[in-house]
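What follows is a single structure, written as structure tokens, with notes after it.
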Amino acid sequence: MEKLLKIFSPNFLWGGKQGKGPLYRHMFNYSRLWRSAVMLTALSAILPLLAISWFDYNVTRKAVKAETFSHTSRTVSNTKRTISAFLAERKSALDFIVHDNIYEELIDPVRLAIILKNLRKAFGGITDIGVIDASGQQIAYIGPYSLEGKNYKDQDWFKEIVGKGIFVSDVFLGFRNEPHLVIAISYELPDGTFYILRTSIDTDRLTKQLLNLELGAQGNAFIINTQGVLQTPARHHEKVFEKIAIPVPEYSPKTEVLQYNDPDEGSQVLGYAYIPDTPFILMIVKNKDEMMKSWHKTRFEILIFLSIGILIVMVGIIGFATFFVNNIYIADQRRIKTLHQVEYSNKLASIGRLAAGVAHEINNPLAIINEKSGLIKDIFQLRETYATDEKLIGLVDAIHASVARCGAITKQLLNFARHMDFSFQPVDLKKIIQEVIGFLGREAEYRNIKISVNVSEDIPQFESDRGKLQQVFLNLLNNAFAALSDGGNLDISAILLRDERIRLTVEDTGCGIPEKDLKKIFEPFFSTRTNVGGTGLGLSITYSLIQEIGGTIDVNSTVDVGTRFIITLPLSAKNMKEKNNAPAPRGR
Amino acid sequence: MRLLLVDDEEEFVATLAERLSLRNIAADWVTSAEKAEKMIATKHYDLVLLDVKMPQVGGRELKKIIEKKLPGIKTIYLTGHGSEEDYQAGSAEAEYYLMKPININDLIAKINDALGK
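These protein sequence lines are chains A and B, in that order.
Remember, this note's numbering sits 1 above the position in the first sequence when you count from 1.
Remember, this note's numbering sits 4 above the position in the second sequence when you count from 1.
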């Protein structure tokens, strides 16, 4: 979990947990690099995904729309065929009757009644039947109404049938107040005259067929005439014989499907077909949203797929970008740290050279002061007047003491800058440590300081500079002694590392070094003990010596707890050469 | 016992010679190798104190010249520099190698030691 958090909250974004900016942060904008990496990769990955999804979305939408239109068209065509067949059957029946019977038979009420009976039996829904002669006069009639003798000569349908030979009327309410339509057929007699066989059919069966169509909850199937007047009842629609709100679609010999917007019910799909040789137009209206339901589901699935896809891609991109930028950040940090260490080493070397130069120049005048003050003292001691003057003698001694102190500093400075050849010889680490402790043994005893030495037995004799090692230990032990109060502990331990190096720690339970001083302790002249004779050169010399023998030195310290110096030393001269560009010490 | 002090710093060498005289050590002083050669030609010396770094002829070179004329003469090097070169020369070639500023008592002890007293 912590690792996961680390991936999404790397140091380069926030500059580390401590809230401190990384080194040289102003030079590198990792957040911007990270943002650019995420943006560019996301664009190149997500754009194609969006494009494919958009393409798929449109293709599917078009396919579903086309399927909806096609389905409507099929339903309209099938229904049109059914209605056409319904009417054709009845027309054919009338045609058969006029051909099967001679005029005289047809005007015979008995025969006509039998025909009506047979028609009703065969087809049902036949209300009446009548014969009308060429003058428009109803010659015979069998049916519920008293229409015999009625003249139709001036009626439109009579005029129409004279030209066309067949007529199908609009739907109308008969005397029984039920919707009917009339089919009439004319028959030419050999003498050039004609007569008409006319029958009324109720539209109940047509209506039932239309109502039984599977059109969904919002679907609607009905018939209008060419004036837009409803011929059959329609679901959720106007009553029969009312004009529908939709304009009458233009004539087309085949089935058409179009889309229109209903102010109340939204987008609708309208399929229509003109029924040939009739005034009827079959219309099927479906709610588009209802029909596109399957599409809405698909659309939802596409959106879910797209969202999950984008989420996975983004998580991947962010994860990878973070990982790579963090690696760059870590590499840069290492590089910067190394540069920093090189700068630090150069700084130490420059200070060392400068200090040595100053020491050279100061040493001769110092020697002169020393001799002159020595001579003054000599003269004082030889003359009785002054020999007993303690103040004068004290003053000269003070000059001498100060010169001696300056001399000590210049000598150390010259040592610091001295770059002697390496004098490698096999050394026994434990022995060297014991020898150095020997110098300080009496002081340790006197101050009750416990010194423990723990040198791992597997450390072999190794090649190094004995004198420099002694100097290093002496300096570190001197430092520890200065930091320790009476009765403190000093632990020296050494272990062999895997990479042919020795890790040596010198740890005291002394006063510790404040954090602000830790970074400076290896710099020449940095001392917290100047008032008690510290020159500030001990640790810088130690650092320089350790570098010369190919080692490294680090320090950890906590105020009032103690200080630990960690030194690594190469086991062989070869290692030493490799490590000769040792990094600078890090105060922690 | 007679000593010759050779150092280009006149103030230093003159004062040191005076301090030695006050301690009953006869010491002549000169400020260059050339003058030193002249002194050696006229007097016998048991020990020379040579400054390692001097203009023209340095202490190490002068030591060789002196040894030719006074074989067996003892030498103590003095230096205000303490370079590696000086240090090695001092350790290898002379009885003692002292860094300025010196302690007079140390110097006397070294002189006595060098002369086997």
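A virtual CB, placed ideally from N, CA and C, is assigned to each residue, including glycine.
Taking Gly229 of chain A as the centre and dropping the five residues before and after it, the same chain places the C-beta of Lys244, Ile245 and Val249 closer than 6 angstroms to its C-beta, in chain order. Interface residue (Cβ-Cβ distance to chain A less than 8 angstroms): Leu20 of chain B is classified as such. DSSP, reduced to helix, strand and coil, places Ala30 of chain B within a strand of the structure shown. If you look at Met43 of chain B, you'll find it in the alpha helix (DSSP H) that goes Ala37 to Thr46. Arg23 of chain B counts as buried, since at least 16 other C-beta atoms from the protein chains shown sit within 10 angstroms of its C-beta. In the structure shown, Ile370 of chain A falls within a helical segment according to DSSP collapsed to helix, strand and coil. Within chain B, the residues placing a beta-carbon under 8 angstroms from that of Ile369 of chain A are Glu13, Glu15, Phe16 and Thr19, ordered along the chain. Chain-order list of chain B residues neighbouring Lys373 of chain A: Glu15 and Thr19, by C-beta distance under 8 angstroms. Partner residues in the beta bridge of Asp509 of chain A, as assigned by DSSP, are A:Leu491 and A:Thr564.
Taking 8 angstroms as the cut-off, the Cβ atoms of Asp50 of chain B and Lys78 of chain B count as close.
A distance below 6 angstroms between beta-carbons, with the five flanking residues on each side excluded, links Val560 of chain A to the following residues of its chain, in chain order: Gly513 and Pro515. Phe324 of chain A and Val437 of chain A have their C-alpha atoms roughly 50 angstroms apart. According to DSSP, Asp379 of chain A shares a beta bridge with no other residue. Residue environment: His100 of chain A is assigned as exposed (fewer than 16 neighbouring CB atoms within 10 Å of its CB, all protein chains considered). Where Leu430 of chain A is concerned, the enclosing alpha helix (DSSP H) starts and stops at Leu430 to Arg448. According to DSSP, Lys78 of chain B shares a beta bridge with B:Leu51. Contact check for Tyr188 of chain A against Ile133 of chain A fails: the beta carbons are separated by 8 angstroms or more.
Within chain B, no C-beta atom comes less than 8 angstroms from the C-beta of His341 of chain A; the nearest is roughly 30 angstroms away.
Around Ala274 of chain A, the same chain offers Val77, Lys81, Thr256 and Leu283 as residues with beta carbons nearer than 6 angstroms, after the five sequence neighbours per side are excluded. The continuous alpha helix (DSSP H) containing Asp157 of chain A extends over residues Asp157 to Lys165.
Membership of Asn221 of chain A in the beta strand (DSSP E) is indicated by the continuous run Asn221 to Asn226.
Contact check for Thr128 of chain A against Ser74 of chain A fails: the beta carbons are separated by 8 angstroms or more. If you draw a 10 Å sphere on the C-beta of Gln548 of chain A, you find 16 or more other C-beta atoms in it, and that means buried.
Secondary structure at Asp518 of chain A: helix, using DSSP grouped into helix, strand and coil.
Following the DSSP letters along the chain, one finds Ile127 of chain A inside the beta strand (DSSP E) bounded by residues Ile127 to Asp134. Within the same chain, Cβ atoms closer than 6 angstroms to the Cβ of Val258 of chain A are found at Phe70, Thr73, Ser74 and Gly272, the five residues on either side in sequence being excluded. Gly164 of chain A is classed as exposed because its beta carbon has fewer than 16 other beta carbons within 10 Å across all chains shown. The secondary-structure analysis by DSSP pairs Asp203 of chain A across a beta bridge with A:His181.
By the neighbour-count definition (other C-beta atoms within 10 Å, threshold 16), Gln269 of chain A is a buried residue.
Rounded to whole angstroms, the Cβ separation of Ile108 of chain B and Lys73 of chain B is 28 angstroms, and the two are not in contact under 8 angstroms. Collapsing the DSSP output to three states places Tyr261 of chain A in a strand. For His48 of chain B and Leu376 of chain A, the gap between their C-alpha atoms comes out near 26 angstroms. Counting only Cβ-Cβ distances below 7 angstroms, Val473 of chain A has no contacts in chain B at all, with the closest Cβ about 19 angstroms away. Residue state for Pro191 of chain A is assigned as coil, using DSSP reduced to three classes. Annotation: the continuous beta strand (DSSP E) that includes Asn557 of chain A extends over Thr553 to Thr559.
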